[in-house]
Amino acid sequence: MGSLDGKLGIVFGVANKRSIAWAIAQSWAKEGAKLAFTYQGERLKDNVEELAGTFGADTLIMPCDVTKDEDIARVFAEVGQKFGKLHLLLHSVAFAPKAALEGDFINTDREAFKIAHDVSAYSLVALSRAAAPLMTGGGSIVAMSYYGAEKVVPHYNVMGVAKASLEASTRYLAYDLGPKKIRVNCISAGPVNTLAARGISGFMEMIKHYEAHAPLKRTCLPEELGATGTFLASDGGAAITGQVIYVDGGYQIMGM
Ligand code: 0WE
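Here's what the structure looks like:
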């Protein structure tokens, strides 16, 4: 008996085996959910097919650029055909041009600001709108955020502003979708060593900072993000919507 037996879900944001999306997908699958996957661009196709293929040769795996309305429409048309309905959606997608994460926030150009918000925040609105008609028996939408949405994290820059938009969008979506018994929540993860974090200068110092300052003296493990994702997707989270849940070793409560 899994807590997600009979649930149908779709996962956006697997890039490789270290992806947070993959950790949450594995937990959802272990609890009995049947999952579809999307990948961003040909370059990630083989990775995602190899990982998601472990759930069976018939696993639905589709390309999706979340900035393209026609991609989103095609993905949910295919999910509608194959599953007929949907209960779970994971949004684990973010991007800002590298230059915008290196210099000063004040120098963010219009194009970088637009791209960061389109990929990282508007996409949650677009995916939720496309998913809702399939979530006829209620649903749970989970998006990944980060502390830089709430406080200044040097160099996180426009991504922090986009995550603030993602978190506010989560609340407005929760309000719109509540009457349909669709819940929308964010998990705000401590730093995790993924492809998205690689190449960020000072990333290892950031992990050390959590080990020194977080109440639990550490950040989070991918499997702990999986467990929280499963909690939010399951009946355990049935009265939780519009929230940002910190899974960060308690770091967020500290003032100093
Ligand atoms: O949300 C993120 C990172 C998302 C991300 C990563 C990249 C790297 C490659 C978005 N866009 C890009 N663009 C690229 O070209 N995190 C929570 C991880 C992260 O990123 C940081 C962090 C942390 C933590 C950037 C600066 C400071 C801290």
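Just so we're aligned: 10 in numbering that gives the first Met the number 0 is position 11 of the sequence shown, and the numbers increase by one with no gaps anywhere. Glycine residues also receive a C-beta, built at the ideal position from the N, C-alpha and C atoms.
- Per DSSP, residue 163 is not a residue of any beta strand (DSSP E); the alpha helix (DSSP H) it occupies stretches across 156 to 176.
- Contact check for residue 158 against residue 93 passes: the beta carbons are separated by less than 8 Å.
- Residue 10 and residue 68 have their alpha carbons spaced roughly 17 Å apart.
- In the three-state reduction of the DSSP assignment, residue 184 falls in the strand class.
- By the CB criterion at 8 Å, residue 175 and residue 218 fall outside the cutoff.
- Nearest C-alpha to residue 40 among 60, 153 and 85: 60.
- Contact annotation: residue 186 and residue 244 have beta-carbon atoms nearer than 8 Å.
- Taken through DSSP and simplified to helix, strand or coil, residue 138 comes out as strand.
- One thing to note: residue 75 has its Cβ within 8 Å of the Cβ of residue 133.
- Counting only residues of its own chain and dropping the five nearest sequence neighbours on each side, residue 2 has a CB closer than 6 Å to the CB of 30 and 233.
- Under the DSSP assignment, residue 123 falls in the alpha helix (DSSP H) whose first and last residues are 122 to 130.
- Residue burial annotation: residue 171 is exposed, with fewer than 16 other C-beta atoms found within 10 angstroms of its C-beta.
- With distances taken between CA atoms, residue 252 lies nearest to 212 out of 235, 228, 97 and 212.
- For the stretch 12 to 62, the continuous beta strand (DSSP E) assignments of 3+ residues that do not extend past its boundaries occur at 33 to 38 and 60 to 62, in sequence order.
- The stretch 138 to 146 makes no contact with the stretch 94 to 114: fewer than 3 CB pairs, one atom from each, lie closer than 8 Å.
- A check of alpha carbon separations from residue 161 across 14, 13 and 113 identifies 113 as the nearest.
- In chain order, 60 place their CB closer than 6 Å to the CB of residue 48, counting only its own chain and leaving out the 5 sequence neighbours on each side.
- Closest in C-alpha terms to residue 91, from the list 197, 153, 142 and 250, comes 142.
- Residue side-chain check: residue 198 places its Cβ nearer than 7 Å to a non-hydrogen atom of the ligand 0WE.
- The ligand 0WE approaches residue 152 closely enough that one of its heavy atoms is under 7 Å from the residue's Cβ.
- In the DSSP assignment, residue 116 falls within the unbroken alpha helix (DSSP H) covering 109 to 116.
- The residue from 139, 65 and 42 with its alpha-carbon nearest to that of residue 235 is 139.
- Cβ neighbours of residue 82 within its own chain (closer than 6 Å, five residues either side excluded): 7.
- Residue pairing by DSSP places residue 78 opposite no residue, since no beta bridge is assigned to it.
- Just so you know, the alpha carbons of residue 15 and residue 125 end up roughly 24 Å apart.
- Contact annotation: residue 194 and residue 130 have beta-carbon atoms that are not nearer than 8 Å.
- In the three-state reduction of the DSSP assignment, residue 206 falls in the helix class.
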